[in-house]
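Quick notes on the structure that follows.
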Amino acid sequence: MKEYRTITEIAGPLLFVSDVSGVGYNEIVEIISPDGEKRKGQVLDVGHNIAVVQVFGPTTGISTQQTTVRFLGETMRLGLSTDMLGRVFTGLGEPRDKGPKIIPKEKVDITGLPINPYSRESPNEFIQTGVSTIDGTNTLVRGQKLPIFSGAGLPHNQLAVQIARQAKVLGTGEKFAVVFAAVGITHEEASFFMRDFEKTGALENAVLFLNLADDPSVERIITPRLALTTAEYLAYEQDMHVLTLITDMTNYCEALREISSARQEVPGRRGYPGYMYTDLSTIYERAGRVRGSKGSVTQIPVLTMPGDDKTHPIPDLTGYITEGQILLSRDIHRKNIYPPVDVLPSLSRLMNSGIGDGKTREDHKGVSDQIYAGYASGRDLRSLSAVVGEEALSATDRKFLRVADEFEKKFVQQGPYENRGIEETLGIAWDLLAILPDEELKRVKKEHMAKYLKRKEKPKKED
Amino acid sequence: MAKKGKIVRISGPVVEAELPDARLYDVVKVGDARLLGEIIKISGNISIIQVYEDTSGLQPGESAVSTGQPLSVELGPGLLQSIYDGIQRPLKVIEEKSGGFYIARGVEADPIDKKKKWEFKATVKKGDRVKIGDILGTVQETELIEHRILAAMEGRIEDIKSGKYTIEEDVGSISFEGKKYPIKLYQRWFVRKARPVIEKFPPNMPLVTGQRIVDTFFPIAKGGTACIPGPFGSGKTVTQQSLAKYSDTQIVVYIGCGERGNEMTEVLKEFPHLEDPNTGKPLMQRTVLIANTSNMPVAAREASIYTGVTIAEYFRDMGYDVALMADSTSRWAEAMREIGGRLEEMPGEEGYPAYLARRLAEFYERAGRVRCLGTKERYGSVSIIGAVSPPGGDLSEPVSQNTLRVTKVFLALDAPLAYRRHFPAINWLKSYTLYHDNLEEWFTENVSSDFLKQVKASMALLQKEAELQEVVQLVGPDALPEKEQAILLVTKMIREDFLQQNAFSDVDARCELDKQYQMLKTILKFSEKTNEALDLGVQLKKIQELAVIGKVGRMKEMPQLKDLEVLQKEIDNSFEGLTRG
């Protein structure tokens, strides 16, 4: 172990240590300030006998004269054990509850290595979340990464908790765990999650990492990686099915930008570093299933879109990596509809491999496409009817309008504790499709219509 | 040959080393872990190396050894059905050597199996004079593809023998200027340098993809270039994959450049089970996959595009038509930006390096229909189809703009269409092709003389629809005269019953050119009949109630061409019924 007292410069979270030798890139360091306080940091750049160290934690109190920097000779590792289940940790992996220290079964590098695409299994097992807008039209499957794109003030936390509570795979009793990473969220939000986990007994099977808003922002770079390292351990070593919730990725990206600007790097779009895509991918890509292991890592990152703007770099880059997104809409929220999921821009890329006969139900794809198209047409007609009045629309168009309204009221709308089965969700969709005449139902198969479409005796004449 | 030096600085994937006699773009083994890297800048005695693997734990003072060779690929039998990372390491071998599902660092893996024996049939004999590019013999690499062994140098064949060989064994020898050189089944080529050809020709044959909107409306030529930009969720990857599956080329090289791991897995799982539409053999037999996912090292992502295109050129040189799919070139550009940033280069637009435009143009210029090197006349082509992922779907960004300048077909993917589940979500008003003129003759000869006429008529209708829609938005459809309402009826058919294509349907996923032609013909016939009927005073309402409209809607799923002819008759009959009644 090497110790130096040669800090030459301190800039924000960065320390420049000179005259070092034998220091490795990404190595972990311990910084001991004059008052004896210990902090951790990581080597960001090393060369020409100078090491640039990024400090996890505030740099207040660190001086160039009397601060000791100790290079630990290893990269950031996390000690892992199944005893972590039911425990709460800080954003750096120290126990935050009053429990004892974890005695690790093994220590693992938290950056993780990329999974060989050849060794992956394609995700195809349906996860029932009990939320119609997800199960019915944006189905989640095991090993998928499906973020929630939200805005400030929208109930994304409720939705995330509801998914964590209700998620299950039909007809199996396999081991299930939740790993939760709070990244820069407030105490209030964190205690909402904690209370809910405790109340519903989910805490037993959960591992929580909390980096709160007043914790050092640099830690935020570490927290999601700790969570994912734990998730991978539980999934691939302990054969568990792990649901990883990370909230809020926007805070993560802000921290990334902060460090990048402290390092005086050339900024990319809106000041975020040019490597943000790659950096985010090393988080999101740590979801999946691999050959030779029963477990899986499913990721639901939550992010708040600054200014509800989907083209902002954070949601934009995320959307390019993740396998779809669940988008929450302020307009729908204003109508007092929970969960305020806007189905149209939402998407699950892996949906088709997780639905259908033997997984959900044979008619799932057709119904989903049809109700989706119907809702889209109805939404378009809304703006038209606002101009010309509903009376000026054709009878069919009015039916589409009704589909859009009823879709939001019956299909989207549900209670935060309402756990709908997939049959129920599809049933609601068919009820809505019954509003439309047969010839508009081009996307469902005829035999499915015969089997599932229940029309009332005679549709009432409406004009 | 190997020159040893030592590392002086590490910053992410960029490592500085003191390396004597370094040459730009030589490959270097970096550190004790022997990570693979490439020299991208030299200043004084310091070489700046981009490392293809994670550099965590690397220390100044560790060794750096130059191989004295620039980054190159091995080309020979065994390429097909392979799955490589960005620097041609087979992922399967990496799995074995890493002992698990993670990619361990510093793994060395032979690009093509050196133990496998191939049945080689010589096609030249002792005493023949050969030029570079001449076919020396063949190896039946897969059931679908005959691998032609090309002369890597000119000279006189001293001896050559058919038989079973590994790629490293000598199958004969060749003499040039008094010296003898061995002939092997493989050769190496530097990825950053295009393989030479005798001449490039303007493309005059379409790349038939089985996708209606592409083949009929915006055809790509064999040897041409196309770009598919679109925001996330608009179906870029599905479109790319459909093109890879159904295009009528002999060889497909698919580069997953900085994309999703699960998506690559899907390709890996699916391709071996898909059948080649022309032969019924597994598609994988004609495919080379390169998978450098987003979380794999960024420098290897930068190299993956070059690796892919070099392999494509090699098969072209054998006289094959090759389709190269690059998904996505934006991730490639970002890799350049990231490395440029680490080198502290002066950035151009949006932080991208100033040489972005040049690199993109160089890449697309490697496409083309060519006369291959060699004495005998032989033609091959590489068609490049690049996906672009513009941030926020905004095409004014540098990667899209620089790509549009060099590509000839533009397939504009559109988020609103995708939201409506209109797939492929290619916007027909924004997209374009510059190949119609080149291909007119081919279409006339092989499909029908009025093929392009139909396309133009349909485009005019769709254009008209866009104008009418603006009016409808203001006053509602009923305010339009019946003739214009009829246009809306027809364009709805074109959009829903022709342009939309279901990539997941057995019948519809691939649509033959003849069927495409007949389908459009059917719709235009309906349009024509409608106009005639309206002129005769038939009410539009009556036409809208025709049962035959529903049948047109199920046209996609009709497997036989004659079903369409029956349908056309039915249209005639229905209208006759109307005008008479």
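Protein chains in written order, with the working numbering: chain A, 1 to 463; chain B, 1001 to 1581.
Even glycine gets a Cβ: it sits at the ideal position worked out from N, Cα and C.
Suppose the cutoff is 8 Å on Cβ atoms and the five residues either side in sequence are ignored; what does the same chain contact list for residue i look like?
| i | result |
| --- | --- |
| residue 61(A) | 33, 34, 35 and 37 |
| residue 1360(B) | 1329, 1333, 1399, 1402, 1403 and 1406 |
| residue 1115(B) | 1166 |
| residue 460(A) | Reliability of the predicted coordinates at residue 460(A) is poor, the pLDDT of 49 falling under 50, and no value is obtained from them. |
| residue 415(A) | 338 |
| residue 1429(B) | 1462, 1463 and 1466 |
Comparing the CB of residue i with every heavy atom of the ligand FMN, is any distance shorter than 7 Å?
| i | result |
| --- | --- |
| residue 1511(B) | Of the ligands one can find in the structure shown there are none, so the ligand FMN has no counterpart to examine. |
Could you confirm whether any beta carbon from chain B is found closer than 8 Å to the beta carbon of residue i?
| i | result |
| --- | --- |
| residue 308(A) | no |
| residue 179(A) | no |
| residue 361(A) | no |
| residue 384(A) | yes |
| residue 364(A) | no |
| residue 116(A) | yes |
| residue 352(A) | yes |
| residue 321(A) | yes |
| residue 461(A) | Note that residue 461(A) scores a pLDDT of 46, beneath 50, so its modelled location is shaky and nothing firm can be said. |
| residue 442(A) | yes |
| residue 142(A) | no |
| residue 123(A) | yes |
| residue 47(A) | yes |
| residue 233(A) | no |
| residue 113(A) | yes |
Counting only beta-carbon atoms, is residue i nearer than 8 Å to chain A?
| i | result |
| --- | --- |
| residue 1427(B) | no |
| residue 1094(B) | yes |
| residue 1560(B) | no |
| residue 1447(B) | no |
| residue 1291(B) | yes |
| residue 1246(B) | no |
| residue 1359(B) | no |
For residue i and residue j, what's the separation of their Cα atoms in angstroms?
| i | j | result |
| --- | --- | --- |
| residue 253(A) | residue 313(A) | 9 Å |
| residue 1280(B) | residue 224(A) | 47 Å |
| residue 232(A) | residue 281(A) | 16 Å |
| residue 1311(B) | residue 1253(B) | 8 Å |
| residue 94(A) | residue 347(A) | 37 Å |
| residue 1552(B) | residue 1380(B) | 40 Å |
| residue 1255(B) | residue 1543(B) | 49 Å |
| residue 1366(B) | residue 129(A) | 48 Å |
| residue 1485(B) | residue 274(A) | 50 Å |
| residue 203(A) | residue 1093(B) | 41 Å |
| residue 1495(B) | residue 409(A) | 30 Å |
| residue 1387(B) | residue 308(A) | 27 Å |
| residue 370(A) | residue 1500(B) | 14 Å |
| residue 1547(B) | residue 439(A) | 10 Å |
| residue 383(A) | residue 154(A) | 24 Å |
| residue 1107(B) | residue 1098(B) | 7 Å |
| residue 310(A) | residue 1041(B) | 38 Å |
Assuming residue i is part of the beta strand (DSSP E), what are its boundary residues?
| i | result |
| --- | --- |
| residue 45(A) | 38 to 47 |
| residue 1014(B) | 1014 to 1018 |
| residue 1368(B) | 1368 to 1371 |
| residue 176(A) | 176 to 185 |
First and last residue of the alpha helix (DSSP H) that includes residue i?
| i | result |
| --- | --- |
| residue 227(A) | 219 to 232 |
| residue 118(A) | Unbroken run through residue 118(A): none, as it is neither H nor E. |
| residue 1261(B) | 1261 to 1270 |
Tell me which same chain residues have a C-beta within less than 6 Å of the C-beta of residue i, skipping the five on either side of it?
| i | result |
| --- | --- |
| residue 1423(B) | 1235 |
| residue 272(A) | 257 and 313 |
| residue 443(A) | 366, 369 and 370 |
Whose C-beta lies closer than 7 Å to the C-beta of residue i among residues of the same chain, with five residues either side of it excluded?
| i | result |
| --- | --- |
| residue 463(A) | At residue 463(A), the pLDDT of 43 sits below 50, so the modelled position is not reliable and the matter cannot be decided from this model. |
Review point. So does the segment 135 to 152 of chain A actually touch the segment 302 to 319 of chain A, counting three or more Cβ pairs closer than 8 Å?
Key: yes
Exercise. For the 8 Å Cβ check, are there 3 or more pairs between the segment 180 to 192 of chain A and the segment 245 to 262 of chain A?
Worked result: yes
(Q) Taking contact to mean 3 or more Cβ pairs, one atom from each stretch, closer than 8 Å, check whether the segment 1081 to 1088 of chain B and the segment 1300 to 1319 of chain B are in contact. (A) yes
Segment contact flag, the segment 284 to 294 of chain A with the segment 101 to 118 of chain A, C-beta cutoff 8 Å, min 3 pairs: yes
request  = Indicate whether the contact test is met: 3 or more Cβ pairs, each with one atom in the segment 1059 to 1078 of chain B and one in the segment 1180 to 1190 of chain B, closer than 8 Å.
outcome  = yes
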